[in-house]
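Right, one structure below, let's go through it.
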Amino acid sequence: MQVGYKLPKVTFHTRVRDESVSGPNPFRWQDMTTEDYFAGKRVILFSLPGAFTPTCSTYQLPGFENGFADFAALGIDEIYCMSVNDSFVMNKWAQGQVLENVKVIPDGSGEFTRRMGMLVRKDNVGFGLRSWRYAAVIKDGVVEAWFEEPGISDNHGEDPYGVSSPETVLNWLREEASGAAA
Numbered sequence: 001m002q003v004g005y006k007l008p009k010v011t012f013h014t015r016v017r018d019e020s021v022s023g024p025n026p027f028r029w030q031d032m033t034t035e036d037y038f039a040g041k042r043v044i045l046f047s048l049p050g051a052f053t054p055t056c057s058t059y060q061l062p063g064f065e066n067g068f069a070d071f072a073a074l075g076i077d078e079i080y081c082m083s084v085n086d087s088f089v090m091n092k093w094a095q096g097q098v099l100e101n102v103k104v105i106p107d108g109s110g111e112f113t114r115r116m117g118m119l120v121r122k123d124n125v126g127f128g129l130r131s132w133r134y135a136a137v138i139k140d141g142v143v144e145a146w147f148e149e150p151g152i153s154d155n156h157g158e159d160p161y162g163v164s165s166p167e168t169v170l171n172w173l174r175e176e177a178s179g180a181a182a
C-alpha cells in the first residue's frame with residue numbers, strides 16, 4: 001500500500017439499529033459504500049485479524065477509542081475499525097467494548113481487504129481469510145499515511161503489533177501537525 005492510493009469502491013453490508021423494527025433484534029440491513037465512510041473526511045482506518053481477539057480487544061481498539069479526543073484535536077473526523085467479520089459479529093463486539101467514538105466496518109466477504117492487498121490466510125489459527133493488521137490516515141478517500149505491521153504473509157506464526165498502534169498513529173499526526181505549523 002502506498003501513500004496517495006485511492007481506496008477501492010466497495011459496498012459493505014451493515015446492520016443498523018432501527019427503533020421502528022419490533023422484536024428482540026431491532027436492526028435492519030443498510031448498505032454503506034466506501035464513499036459513505038470516507039468522502040469529505042479525514043479519518044483513521046485500522047484493520048485487524050478478528051473481533052474479540054486478545055490484542056485487538058485489549059490494546060488496539062481501546063487505544064483508539066480512549067484517545068479519540070487527541071485524534072480529533074489533530075483534525076481527525078472519524079475513526080473506523082475494520083475486520084473480515086460480518087456485521088453481526090462487529091456490532092456485538094462494538095457493544096461489548098462499549099464504543100462511543102470508534103465506528104466498526106464489517107468487511108464480511110473480505111472484498112475491501114483483498115483489494116487493499118491485505119487479505120491473508122490465517123488457517124494456522126482456524127480463522128481462514130482475514131486482514132493483516134494495519135492502520136491508515138485517509139483524507140477524502142486517499143491514503144495520507146500508512147502503518148503496516150511487518151511480515152505480511154499467509155499463516156504467519158505471530159500477530160505483530162506496534163506499527164499500527166494508536167500511539168504510533170498519534171505520534172505521526174503530531175509530527176505532521178508540527179511540521180505544517182513550521
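According to the UniProt record's numbering, the sequence shown is numbered sequentially starting from 1.
Just so it is clear, CB atoms sit at the ideal spot from N, CA and C, and this is done for glycine as well.
With a beta-carbon spacing of about 22 Å, Asp36 and Pro26 fall beyond the 8 Å limit used to define contacts. Scanning its chain for C-beta atoms nearer than 7 Å, with the 5 sequence neighbours on each side dropped, one finds around Gly40 the residues Asp140, in chain order. Annotation: Ile76 to Phe68 spans about 9 Å, alpha carbon to alpha carbon. In summary, Lys9 is exposed, with fewer than 16 beta-carbon neighbours lying within 10 Å of its beta-carbon over all protein chains present. Inclusion of Ser83 and His13 in the CB contact set at 8 Å is not warranted, their separation being larger than that value. In this structure Leu119 is in contact with Gly110, their Cβ atoms being roughly 5 Å apart against a cut-off of 8 Å. Classified as buried, Lys122 has 16 or more neighbouring CB atoms from the shown chains inside 10 Å of its CB. Between Gly162 and Val125, the alpha-carbon positions lie close to 21 Å from each other. Counting the other Cβ atoms within 10 Å of the Cβ of Val3 gives fewer than 16, which makes it exposed. Taken in chain order, the unbroken stretches of alpha helix (DSSP H) that lie wholly in the region 92 to 167 and span 4 residues or more are 111 to 115.
Of the residues Met116, Ser153 and Glu149, the one whose Cα lies closest to the Cα of Pro166 is Glu149. One thing to note: Leu61 has its Cβ within 8 Å of the Cβ of Val102.
In this structure, DSSP gives Ser20 a state outside helix and strand, which the three-state scheme calls coil.
For Tyr80, the enclosing beta strand (DSSP E) covers residues Glu78 to Ser83.
Secondary-structure assignment with DSSP links Trp172 through no beta bridge to anything. Comparing C-alpha distances from Ile152 to each of Ile138, Pro106 and Met116 shows the shortest one belongs to Met116. Excluding five sequence positions before and after Gly63, the CB atoms of its chain that fall closer than 6 Å to its own CB belong to Pro166, given in chain order. In this structure, the alpha-carbon of Phe112 lies about 33 Å from that of Ser178. Bounds of the alpha helix (DSSP H) holding Phe64 are Leu61 to Asn66.
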